[in-house]
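Numbering (our numbering), first residue to last: 533 to 1132. Heads up, the beta-carbon is just placed ideally off N, CA and C, and yes, glycines get one too. Here the structure comes first, spelled out in structure tokens, and everything after it is commentary.
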Ligand SMILES: [Zn+2]
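This is the structure:
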């Protein structure tokens, strides 16, 4: 295949590029702001040792500190967007490096701030917090003070911060092995060519229609990991021990509560999620049974999970069409939402097309003083239309948070970060289901959503459960041996996929290749975020005013409350099994529709 010729950036129509002049008119303006950093940082340093003097002093410091952060955010946003336009442009890359190192240096220079706040006497702090001049900062300060019972003496903190680089090592070792050292054998692809397997090719081969190719790729993956299994058991044991060290030195009850503490999430949320999913495994088993029938296989193996049930559906979606779809899909959210979305499309917040040197992928990125920009590499596929809806979801969440909150409360937590983006995808999904007359498109959409449920809800909760089990073992002083890891993984996997799957024993090593097990109880957020988005979109589609207002309220809330409270206000109470159940019943209905549509 001849290499695709990419257009140069200068040949892209202006209306399909983002307008960064909304942020800085010229590089000179950026440079002028950049040179202001030092003086502003110096001013802030003068407050060191004085924060306990009075409420007005503390208030003045916090205000100036916010202004300083806003300046850094703005400089950084411009530099990184500019650099992503053309990654080969070394001048832009140089500016990005300059602001990055200023960021890190400023953070280090301001490291005295949190400990100084912690040292302020409780009664003095309480009187500060009731002072009107600190009204804007009460929530910010309370969030810092929550950490007091888990903060140690100055010398102990120094030791802990020095240990940080060491506790990173298990992950670094895993990552080096996984990305740099590991080599997979050659396998035979669909056309009969010998190709060296890679991580990227593995996911493609898992979707291959030829079972032999899937099976060979699966074997190539796991027999390779089998050669490193003892080492990888040690790196995983190492990261679990690092989490345990962190939890114990900082006086947390256990590793799970230590990880959930910053978002103020109770352990029961985590356990509820696992229990609700376990109670509903028959829905997944039903889907697995349907896959087996549809693929017409005598037995179903783990390498049969990713083959699409709907063959070769391709549709060309011109940019204007995608914009029109998304506009229609979000209409139930009301006029303010639609108005901002129109602005995003007409005021050039989006860099639409691929061109030479541009960064790949898609993201939404902005700061308090910029538009919430989006980078896309739009290629007229249905999936890139969904990416547009997704990134607009992020960007509008950012827009509402920054417009309705002070800077200090504007940055929403990772825990809710994927909710608005997934809600938009669900709205587009529903719009297309409702309006299309094409059976093929409906089947494609139904299949796609079923797969989302399997991979984002069930698979991530399976990971979350395994993660919990291995941490729990370590806490009870039981050794995490290779045999134990394999046994736990195989048993959990068998329970999730059910009796119809005749899993190759090699799947017991899947834990060895998943980077997320090094992230400290992270994956459950995929499942809660997705389920919350499904529950919210179902609510929005009822067109009840109160539910739509509650959703817009969620977008506006930013970080002004704990993430759970923000979601509860929007109608999704994750302390109850209800939102997960609502999401799962959507899965059941979708599966039923898919079966009907395929005449089964
Ligand atoms: Zn996203």
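Please report the Cβ distance between residue i and residue j, rounded to the nearest whole angstrom; I am assuming they are in contact, meaning their Cβ atoms lie under 8 Å.
i            : j            : result
residue 985  : residue 1119 : 4 Å
residue 1020 : residue 772  : With a Cβ gap of about 12 Å, residue 1020 and residue 772 do not count as contacting.
residue 680  : residue 650  : 6 Å
residue 883  : residue 908  : 7 Å
residue 854  : residue 952  : Contact flag wrong, Cβ pair sits at about 18 Å.
residue 609  : residue 940  : Between residue 940 and residue 609 the Cβ distance is about 18 Å, and since that is not below 8 Å, they are no contact.
residue 775  : residue 1003 : 7 Å
residue 820  : residue 1033 : 6 Å
residue 847  : residue 981  : The pair is not a contact, with the Cβ atoms about 17 Å apart (cut-off 8 Å).
residue 942  : residue 1091 : 7 Å
residue 1017 : residue 765  : 6 Å
If we count the other Cβ atoms within 10 Å of its Cβ and call it buried at 16 or more, is residue i buried or exposed?
i            : result
residue 890  : buried
residue 911  : exposed
residue 1057 : buried
residue 812  : buried
residue 1095 : buried
residue 711  : exposed
residue 647  : exposed
residue 767  : buried
residue 787  : buried
residue 1066 : buried
residue 978  : buried
residue 948  : buried
residue 1009 : exposed
residue 1015 : exposed
residue 1044 : buried
residue 823  : buried
residue 1131 : exposed
residue 1121 : exposed
residue 540  : exposed
residue 1104 : buried
residue 967  : exposed
residue 1061 : buried
residue 694  : exposed
residue 657  : buried
residue 1124 : exposed
residue 790  : buried
residue 1052 : buried
Is the separation between the beta-carbon of residue i and that of residue j shorter than 8 Å?
i            : j            : result
residue 957  : residue 1006 : no
residue 1041 : residue 838  : no
residue 538  : residue 782  : no
residue 1024 : residue 992  : no
residue 864  : residue 1072 : yes
residue 729  : residue 749  : yes
residue 930  : residue 893  : no
residue 924  : residue 858  : yes
residue 829  : residue 1112 : no
residue 587  : residue 660  : yes
residue 795  : residue 933  : no
residue 565  : residue 594  : no
residue 568  : residue 590  : no
residue 792  : residue 799  : yes
residue 770  : residue 850  : no
residue 963  : residue 1088 : no
residue 745  : residue 737  : yes
residue 815  : residue 628  : no
residue 638  : residue 573  : yes
residue 959  : residue 873  : no
What span of residues does the alpha helix (DSSP H) with residue i cover, start to end?
i            : result
residue 849  : Note, residue 849: premise wrong, no alpha helix (DSSP H); not H, not E.
residue 834  : Segment: none, residue 834 is in no alpha helix (DSSP H) and carries neither H nor E.
residue 1153 : Nothing about residue 1153 can be read from this structure; the chain reaches only from 533 to 1132.
residue 1005 : 991-1007
residue 936  : 914-936
residue 665  : Element bounds for residue 665: n/a, residue is neither H nor E.
residue 750  : 743-759
Hey, could you find the ends of the beta strand (DSSP E) residue i is sitting in?
i            : result
residue 719  : 718-720
residue 1076 : Premise fails: residue 1076 is in no beta strand (DSSP E) and is neither H nor E.
residue 642  : Taken as a continuous stretch (DSSP letters only), residue 642 belongs to no beta strand (DSSP E), as it is neither H nor E.
residue 944  : That residue, residue 944, is in no beta strand (DSSP E); it is neither H nor E in DSSP.
residue 727  : 726-728
residue 897  : 895-897
residue 610  : No beta strand (DSSP E) holds residue 610; the alpha helix (DSSP H) holding it covers 587-617.
residue 905  : 905-907
For the structure I just gave you, are there three or more beta carbon pairs, one from the stretch 898-911 and one from the stretch 544-556, closer than 8 Å? yes
Across the stretch 580-597 and the stretch 543-550, are there enough close Cβ pairs to call them in contact, namely three or more that are closer than 8 Å? In short, these stretches do not touch, since the Cβ pair count stays below three.
Counting Cβ pairs closer than 8 Å, one from the stretch 732-752 and one from the stretch 835-850, do we hit at least three? Cβ pair count under 8 Å is three or more, so yes.
Do the stretch 611-619 and the stretch 661-668 make contact, defined as three or more Cβ pairs closer than 8 Å? no
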